[in-house]
Every structure is written in structure tokens, then in C-alpha cells.
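Per the working numbering, the very first residue in the sequence shown carries number 40; after that it's consecutive.
The next block holds one structure in the form of C-alpha cells; read it before the comments.
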Amino acid sequence: MASQKIYLPETTKQWPWPRLLHPSYEKVSAESNTWFQGFKPFNKKSQYAFDKCDFGRLASLAYPRASREHLRAGCDLMNCFFVIDEYTDVESEAVVREMIDIVIDALRNPHKSRPEGEVVLGEIVRQFWALTLKAASESSARHFLDSFIDYLESVVEQAKDRESPTSLTIEGYRKMRRRNIGIRPSFMPAELHLDIPDEVFYHPSIQNLQWNIAELIFLDNDMFSYNKEQATGDDCHNILTIAMREFNLDLDGAMVWLYDHHAKIQAEFLAGLQEVPSFGLEIDEQVRDYIWSMGIWPRSNDSWSFECGRYFGSKGLEIQRTRYVPLLPKVGRDMTLKRENVNVLLVEL
Numbered sequence: 040m041a042s043q044k045i046y047l048p049e050t051t052k053q054w055p056w057p058r059l060l061h062p063s064y065e066k067v068s069a070e071s072n073t074w075f076q077g078f079k080p081f082n083k084k085s086q087y088a089f090d091k092c093d094f095g096r097l098a099s100l101a102y103p104r105a106s107r108e109h110l111r112a113g114c115d116l117m118n119c120f121f122v123i124d125e126y127t128d129v130e131s132e133a134v135v136r137e138m139i140d141i142v143i144d145a146l147r148n149p150h151k152s153r154p155e156g157e158v159v160l161g162e163i164v165r166q167f168w169a170l171t172l173k174a175a176s177e178s179s180a181r182h183f184l185d186s187f188i189d190y191l192e193s194v195v196e197q198a199k200d201r202e203s204p205t206s207l208t209i210e211g212y213r214k215m216r217r218r219n220i221g222i223r224p225s226f227m228p229a230e231l232h233l234d235i236p237d238e239v240f241y242h243p244s245i246q247n248l249q250w251n252i253a254e255l256i257f258l259d260n261d262m263f264s265y266n267k268e269q270a271t272g273d274d275c276h277n278i279l280t281i282a283m284r285e286f287n288l289d290l291d292g293a294m295v296w297l298y299d300h301h302a303k304i305q306a307e308f309l310a311g312l313q314e315v316p317s318f319g320l321e322i323d324e325q326v327r328d329y330i331w332s333m334g335i336w337p338r339s340n341d342s343w344s345f346e347c348g349r350y351f352g353s354k355g356l357e358i359q360r361t362r363y364v365p366l367l368p369k370v371g372r373d374m375t376l377k378r379e380n381v382n383v384l385l386v387e388l
């Protein structure tokens with residue numbers, strides 16, 4: 040008989056960054072949520088489930104040192120990421136391509152009115168980026184556009200992969216998922232006050248650190264989301280499912296593999312810190328600030344995953360302590376529900 044509980048290994052136990060929460064979390068998160076809800080992107084039931092995810096908390100954990108306006112950019116960005124995720128997850132590659140083209144156009148033209156009747160993603164992203172630009176250095180805006188558009192293109196690739204999920208391999212999935220998790224553009228709110236030259240920002244030592252953090256985040260996200268995804272039959276695009284198939288493992292064995300791989304990537308990141316060269320006193324100080332903002336993300340993501348209701352409902356803190364989560368029963372997901380009527384799953388353990 041299959042296990043009725045899933046064990047979650049404590050992947051970030053030895054991670055040297057502490058849990059911190061921005062003191063303006065409640066006020067700024069509320070402002071962002073009010074702005075976002077004004078678009079009416081979901082029906083009442085799905086908006087309730089979306090709000091339970093508390094994306095403002097994620098931003099407040101990830102940017103604990105940010106100014107108030109930069110925290111607002113972070114809260115808005117998290118709402119943008121997850122509404123794009125919900126809208127595109129249920130669509131074909133062709134429709135996702137159309138949606139992503141709209142979002143990219145909104146990013147490139149933040150002061151241009153969006154066409155009447157267009158999917159709401161365009162206006163949400165346009166307003167987010169128009170406001171954020173007011174508080175952004177030129178270099179941080181340029182770096183964000185580069186990484187966010189790369190993330191958006193990976194969303195289209197993910198839609199294509201959904202149509203032939205059994206073709207995914209561990210290495211192919213890692214390459215795609217490091218882009219698709221969206222962590223590289225998520226460093227933007229912590230970079231807004233910095234002015235890091237391109238030759239420094241794109242130095243291989245800095246880029247390798249970014250990819251390491253992206254991998255740590257997607258490994259943890261796949262671990263935490265697996266229960267919900269297996270319940271809805273949406274677990275094909277999850278590294279645990281791919282590891283079980285590729286290495287002929289059961290779920291417990293795949294969790295051991297994930298834990299070991301996570302530890303390997305952690306070690307690569309920490310070793311990589313020593314590979315960053317000096318770029319001069321003034322730039323080095325900014326680089327240290329930026330690297331610190333990268334390093335706090337695995338801790339912030341781990342803390343948020345248990346403190347919000349996205350993965351474990353109201354029992355997150357208990358599960359964080361015991362590391363055991365009850366296996367959710369299989370539930371059908373109506374894939375005909377699109378856009379504002381998309382079904383955002385409310386987890387109740």
C-alpha cells in the first residue's frame with residue numbers, strides 16, 4: 040500500500056542566511072494586493088485561494104532590507120509572476136505564445152495604453168513596470184528586462200513540454216527550470232538602488248551564482264508543490280516525477296536524490312563566492328550587496344512555503360516542524376476554465 044504521508048527533507052538546515060522579514064510587510068503587501076485585486080484577474084473562489092498564498096510575505100522575506108518603494112516593486116512582481124503562472128498553466132503552446140507576446144510588449148512599452156479586450160496580463164505587467172521604473176537605476180532596469188523576458192520565453196517552452204511530458208530528462212528539465220522558476224528577474228527589487236556595470240553583472244562568476252540559486256529554489260519548489268501537483272495530475276513537470284522515471288525510484292528515493300543534489304548545488308554556490316574577483320572598491324561593495332540578496336532567497340522561499348497557505352493550507356508551521364505532509368487525494372481540475380475563471384487550487388490538509 041502506498042504511503043499516506045510524504046517526508047520533506049530539510050534542505051536548507053545548514054544554509055547560512057537567516058530568516059528576516061521586512062518591517063513594512065503588512066502595509067506594503069496590502070497596498071500591492073489592493074492594486075492587484077482591482078484588475079479582477081480571478082473569480083471570487085480563486086481569488087480567495089490566490090490570496091492565501093500571501094505573495095507579499097514572500098517579497099517581504101526576500102527583500103528585508105529594501106526601501107518601502109522597492110518592497111512595493113517586489114510585492115507587485117510576485118503577484119505578476121503567479122498570475123502569469125495560473126493563466127498559462129492551462130493553455131496550449133499557441134495561446135501561451137500569444138499571452139507572452141502581450142506581456143513582452145507591455146514591458147517594452149510601459150507608457151502605451153493596452154488594446155481593448157486584451158488579456159488582463161498585459162495591463163497588470165504594464166502598470167507594475169511603469170511604477171517600478173520610477174525607482175529603478177538604468178542598469179537594474181536593463182538587467183531585469185533581459186532576465187524577465189528570458190523567463191517569459193521559458194514559459195512558452197514549458198507549455199510545449201506539457202504536450203509531450205515523457206520526453207523530459209533530468210538535465211533537460213534542469214536547464215529549462217532554472218529559467219522557468221523566475222528567480223533571476225526576482226533579484227531585481229534588491230538591485231534597484233545599485234548601479235552594477237554590465238561587464239560585472241554578466242561576469243561568469245556572478246552568473247554562475249545566479250544559476251545556483253535558481254536551481255536551489257526550483258528544487259525546493261518542486262518538493263513543496265509535488266503533493267498538490269500529484270493530486271491534480273499535474274506532476275509531470277516536476278523533478279521528483281522525472282527522477283522517479285529516469286532513475287527507477289519510488290517517491291522516497293526521489294526525495295533522497297533531491298536532497299543530495301540540493302546539497303551539491305549549495306556547495307557549488309558557497310565555493311563560487313570565492314571565485315568572484317575584485318572589480319574595484321566601489322563596485323565590490325555593490326557586488327557584495329547583490330550577492331547577499333541572492334543568498335537570502337533559498338531561506339526566504341523555504342520560510343514562505345511553510346508560512347503561507349499555498350502548499351500546506353493552515354498546517355504549514357506544523358509540517359515545517361514534523362516534515363511530514365499528508366498525501367492529498369486525487370482531484371479533477373477542469374482544464375476548460377481559463378483566464379479569470381481559472382481554478383486556483385485551495386489546499387486544505
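Built from N, CA and C at the ideal position, the CB exists for glycine as well.
For residue j and residue i, the rounded distance between their alpha carbons
i	j	result
Ala293	His300	10 Å
Thr271	Asp261	14 Å
Lys44	Asn118	31 Å
Arg338	Leu320	28 Å
Phe308	Asn247	8 Å
Gln166	Lys79	15 Å
Thr171	Leu116	9 Å
Arg153	Ile143	12 Å
Ser68	Phe286	42 Å
Leu384	Thr127	15 Å
Ile358	Glu346	10 Å
Thr51	Trp343	13 Å
Ser332	Arg104	9 Å
Ala175	Gln76	24 Å
Leu356	Phe318	43 Å
Ala302	Leu207	23 Å
Ile220	Ile123	12 Å
Ala41	Leu290	Because the pLDDT of Ala41 is 48, which lies under 50, any placement of that residue in the model is unreliable, and the number read from its coordinates should be weighed accordingly. Computed Cα separation, rounded: 10 Å.
Phe89	Val239	38 Å
Lys173	Val370	44 Å
Leu47	Val159	36 Å
Asp323	Tyr87	44 Å
His182	Pro368	42 Å
Val111	Asp341	The sequence as given places Arg at residue 111; Val does not occur at that position. Cα to Cα, Arg111 sits roughly 21 Å from Asp341.
Residue i versus the options, residue with shortest Cα-Cα distance
i	options	result
Met283	Ile209, Arg349, Ile322	Ile209
Ile281	Arg213, Gly161, Glu70	Arg213
His109	Leu59, Ser179, Asn340, Thr73	Ser179
Glu49	Leu384, Thr361, Arg378	Thr361
Glu196	Trp168, Ser131, Leu146	Ser131
Gln325	Leu233, Gly311, Leu290	Leu233
Asp93	Asn82, Arg107, Ser106, Lys66	Lys66
His150	Val158, Glu137, Val159, Val164	Val164
Val129	Glu202, Asn340, Ala310	Glu202
Arg147	Leu366, Glu137, Ala169, Ala112	Ala169
Cys275	Asp200, Gln249, Cys114, Ala133	Asp200
Gly311	Pro243, Arg217, Asp237, Arg107	Pro243
Thr73	Arg327, Ser353, Cys114	Cys114
CB of residue i within 8 Å of CB of residue j, strictly
i	j	result
Val364	Asn266	yes
Val386	Ser85	no
Leu184	Ile139	no
Leu255	Leu297	no
Ile222	Tyr329	no
Val135	Ala198	yes
Val315	Ile245	yes
Leu97	Arg58	no
Ala413	Gly156	Nothing can be reported for residue 413, as the shown portion of the chain is limited to 40 through 388.
Met227	Ser193	no
Asn348	Lys91	Strictly speaking, residue 348 in this sequence is Gly, with Asn absent from that position. Closer than 8 Å, so yes.
Ser186	Pro224	yes
Gly95	Ser63	no
Gln305	Trp56	no
Glu379	Phe120	no
Asp237	Arg218	no
Bridge partner(s) assigned by DSSP for residue i
i	result
Pro224	Paired residues: none, contrary to the question.
Delimiting residues of the beta strand (DSSP E) encompassing residue i
i	result
Pro365	363-365
The alpha helix (DSSP H) enclosing residue i, as first and last residue numbers
i	result
Lys44	Careful: Lys44 lies outside any alpha helix (DSSP H), inside the beta strand (DSSP E) at 44-46.
Leu191	177-201
Cys275	Premise fails: Cys275 is in no alpha helix (DSSP H) and is neither H nor E.
Trp56	Segment: none, Trp56 is in no alpha helix (DSSP H) and carries neither H nor E.
His4	Residue 4 cannot be examined here, being either before or after the span of the chain that is shown, 40 to 388.
Tyr350	Tyr350 -> no alpha helix (DSSP H), and no H or E assigned at all.
Asp237	237-240
Tyr102	Element bounds for Tyr102: n/a, residue is neither H nor E.
Ala174	From DSSP, Ala174 is part of no alpha helix (DSSP H); its letter is neither H nor E.
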